[in-house]
Structure formats: structure tokens, C-alpha cells
Amino acid sequence: MNFNMRKIFLFKFIVFAAFVFLNVFIFKSLKLLILELVLLTIFGFLYSKKAKKTILEIKSKKIRGNFKAIFIADYHSNPADGVLEIIKSEAEDSDFVFLGGDIVDDKAEDYNVDELFSAVGERETFYAIGNHEVRRKDLSELINYFKNNSTYLSRKTSPISISNFEIYGIDDATVNESDFNYSLLYFKETLDNEKFNILLVHRPEYFEKYMDAGFDLVLTGHAHGGHARLPFIGAIVAPGQGFFPKFQKGLYKKCEQNMFLTSGASKKKYLVPRFFNRAEVVIINFMEEL
């Protein structure tokens, strides 16, 4: 953790410690504390059962007109309750859809994404590969499936131009980390800075490299928001980052550049179900800044 992250964690820990102190030493009731913690635990699981819709507004002078996009990642062949319903209702007036990796789980016998593409309909869809897809033995067949149902983004197929958008994608770093790093350097040299450049990539921990490459917006997943989160503290652990991850979920900014990290769209359990961490479908409203 960097210094700022340590300060945030310390503040949250102090708040939690104050909560415990208030119950044990002021109200002098250990039973009350236990009851509150039990109720909080039950609420944490129930709160996380149904997916939410998250609205992200992006304004830029590089954008020409107004556009709407849907973004999900970490679908894992097992969508959380409400995910498909949100996608279906929002797809009607969306311009394009971003699928940010781990759409298919490595252990799924069937891809189980036909319903997803049915919900998306005829919207132009972009897909970047995640680490779970990489681990599948049928990776080649899986990529062909996505090519038949979407635009598969990699260094070789990027960018795709829509209006004043340039849309890029990279295979997950577990495919070939050297090629992953080379792709970012290559993009840095070839980006058209008059365009609004979007990168679809699975992992958030390379944030500084994405920003250095010059992208206006990076869409990532992988961290699952920590999957299970503690009140006042947040994520304890996230894949690829370890304990107390720097990148958990939400919007991360550097000057005029942005990275949005989604908490994922799956109800898959990782030791425990989601806890104080709802799955989400992200609706991105792109707006021209006048």
C-alpha cells in the first residue's frame, strides 16, 4: 500500500474500532455487539445478492455527440441476479457494448453466454480476453465463438473506429506478458490524440502503464471489488494485487485520463459469496464537452 492508501485504511480501522468501543465500553453490552455483527453479516450477504446499475458519465471535447455504452466484466458464465435484465433493458438505446474479460469461466462446461448475447441484441459488441478464458483448454474455439458474436480486440485488431472514438484491446497479460507490455508501448507510439481513445483490458494493476500510453478511458475488471468487503475497511484481498488492494472498484483518475474498474457481473463464490459488494452492469454515457 502507498502512503495515501495506508491513511485511508487507518481511518477506516479507527471508525470500526470506535464502533466496537462504543458497544463494549460505553453501552457495556457484548451481547449487543454480537447481535449487531450477526445482523450486519446477514445484511451484507442479502445486500449483495442482486446486481445494480452503475452510471458513469464521461465528458470530453474529443467526443462528437452523445453515445451510450454497456460495460461488464467477470461474468464467469454465471451472472448475478438482475444482470441480464439490466442489460436487456439498457441495450435498446445503447450504441455499443464492452465485455472486459472473464466472461466465460475456466471451469464452466458450457460457455453459458448465449443469453448474454441475446440480451445484447444487435448492438456492436467488443470483447477482450481475461485470465479465466486463457486457462481453458478450448481457448482457440472460445475465441472463434467470440469472433462470431463480437469484435475480438487485440493488438492486431486494434483500433476500431466509431465516430471520434478509437477502441483498443489487449489480451490478458497471462497470455504473454512481454507482448502485453509491447502492445502498450506500440499503442503509445500510434495513438491519435485528436481521437477519444478507449482501452478494453482485463487487469487494473497496470494503471500507470495505461495512463502512460495515453488512453482517455480504460475499462477493466478482474478485482471483483474484492468480492467480499468489510464495512469501513473495503476489500481485504483481490486477485493480482494481494492484501488491501490499491485498485478495488470504481473510477480512478490521472489528470484528464480515467480508468473504471467494475466489481464484476457474476454471482460465483470465491470461498464465500459476495459480501457488501454487489455485482454491477455499468452504463457509460459519453458526452461532448462544449
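Those letters in the sequence shown? Residues 54 to 343, by our numbering.
Note that CB positions come from ideal geometry on N, CA and C, so glycine has one too.
For this session: Express the C-alpha separation of residue 188 and residue 227 in angstroms, rounding to a whole number.
Result: Position 174 of the sequence shown, counting from 1, holds the residue named residue 227. Position 135 of the sequence shown, counting from 1, holds the residue named residue 188. Straight-line Cα distance between these residues: approximately 9 angstroms.
Exercise. In three-state terms, what does DSSP make of residue 278?
Worked result: Against the sequence shown, residue 278 aligns to sequence position 225. Note: residue 278 maps to helix in three-state DSSP.
For this session: Would you kindly check if the distance between the Cβ of residue 314 and the Cβ of residue 299 is under 8 angstroms?
Result: The residue given as residue 299 occupies position 246 in the sequence shown. The residue given as residue 314 occupies position 261 in the sequence shown. No, the pair does not count as a contact, with Cβ atoms beyond the cut-off.
Problem set entry | Proximal residues to residue 203 (C-beta, below 6 angstroms), its chain only, five neighbours per side dropped | Working through the sequence shown from its first residue, we reach residue 203 at position 150. 178 and 180.
For this session: Apply the 10 Å Cβ neighbour rule to residue 317 and answer buried if 16 or more other Cβ atoms are within range, or exposed otherwise.
Result: Within the sequence shown, numbered from 1, the residue matching residue 317 stands at position 264. Buried, because 16 or more other Cβ atoms sit within 10 Å of the Cβ of residue 317.
Exercise. Among 107, 139 and 264, which has the Cα closest to the Cα of residue 352?
Worked result: Not covered by the structure: residue 352. The range shown for the chain is 54 to 343.
Exercise. Should residue 332 and residue 133 be called a contact, given that it needs their Cβ atoms to be closer than 8 angstroms?
Worked result: Counting from 1 along the sequence shown, the entry for residue 332 is found at position 279. Counting from 1 along the sequence shown, the entry for residue 133 is found at position 80. Result yes, Cβ atoms of residue 332 and residue 133 sit closer than 8 angstroms.
Exercise. Just how far apart, CA to CA, sit residue 335 and residue 88?
Worked result: As a position in the sequence shown, residue 335 is number 282, starting the count at 1. As a position in the sequence shown, residue 88 is number 35, starting the count at 1. Straight-line Cα distance between these residues: approximately 35 angstroms.
Problem set entry | C-alpha gap between residue 93 and residue 312, whole angstroms | Here residue 93 refers to the residue found at position 40 when the sequence shown is read from its first residue. Here residue 312 refers to the residue found at position 259 when the sequence shown is read from its first residue. When rounded, the distance between both Cα atoms is 31 angstroms.
Exercise. Taking Cβ positions, are residue 272 and residue 251 nearer each other than 8 angstroms?
Worked result: Counted from its first residue, the sequence shown places residue 272 at position 219. Counted from its first residue, the sequence shown places residue 251 at position 198. Cβ atoms of residue 272 and residue 251: closer than 8 angstroms.
Exercise. Where do the N-terminal and C-terminal ends of the beta strand (DSSP E) with residue 144 fall, by residue?
Worked result: If you number the sequence shown from 1, residue 144 lands on position 91. Segment 136 to 144 is the alpha helix (DSSP H) holding residue 144; no beta strand (DSSP E) there.
Problem set entry | Reference residue 136; option with closest CA among 102, 153 and 154 | Here the question's residue 136 lines up with position 83 in the sequence shown. Nearest of 102, 153 and 154 to residue 136, Cα basis: 102.
Problem set entry | residue 310 - partner residues in DSSP beta bridges | In the sequence shown, the residue the question calls residue 310 occupies position 257. Answer by DSSP bridge pairing, in chain order: 307.
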